[in-house]
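In what follows, a structure is listed as structure tokens, so that the remarks can point back to it.
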Amino acid sequence: MRFSFVALATLLPAAAFGAAMPGDPADAAPTLYTGPAIPALELEARDLEKRSVKGHVNVDGLRYRTCPRTSCTAVGQYSKGTKVNLVCYTRTNTTTVKGDKGWGKLTNGYWVALANGAYVGWAGLLPPC
């Protein structure tokens, strides 16, 4: 009799409040998020930011281009003092600017002429592309 009283005392409060018991099918139902949409993360862009080298523009009106040549389309320009993030550099298949074939690739995918550091300054090791 004592056993059934203990079991009854344990189960009765849970049943009275409508609580789910262990092993109940309601426990197996997945929890779904129904809040506002979460924007997709641009993981590739975030990875580039982490691996990039911080730089700054040393001249006014530095053009950034679609490829590392002056014959490529200039998309826009930076003013002196603008902070930029460089991913890598190349000296292959480029236009020489101020005696330097080096061009830096930015995290936004565009290119700037490095011109022996006259156009863009940076701190740290800039890897080749």
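Numbered according to mature numbering (1 follows the signal peptide of the UniProt record, and there is no 0), the sequence shown spans residues -20 to -1, 1 to 109. Just so you know, even glycine gets a beta-carbon here, dropped at the ideal spot from N, CA and C. This structure is a prediction, so every number in the text was calculated from the model and none was measured.
Residue-chain proximity (residue i, chain C), Cβ-Cβ < 7 Å
| i | result |
| --- | --- |
| V92 | This model lacks chain C altogether; it includes just one protein chain. |
Simplified DSSP state of residue i, which is helix, strand or coil
| i | result |
| --- | --- |
| R43 | strand |
| A93 | strand |
Residue i, buried or exposed, once every other Cβ within 10 Å from all chains shown has been counted against 16
| i | result |
| --- | --- |
| L66 | buried |
| A93 | buried |
| L23 | Confidence at L23 is low in this model, with a pLDDT of 46, below 50, so its placement is unreliable and the value that follows should be read with caution. Label assigned to L23: exposed. |
| P48 | buried |
| S32 | buried |
Cβ separation of residue i and residue j, assumed to be a contact under 8 Å, to the nearest whole Å
| i | j | result |
| --- | --- | --- |
| K60 | V39 | 6 Å |
Identity of the residues DSSP links to residue i by a beta bridge
| i | result |
| --- | --- |
| K85 | C68 and W91 |
| K34 | N65 |
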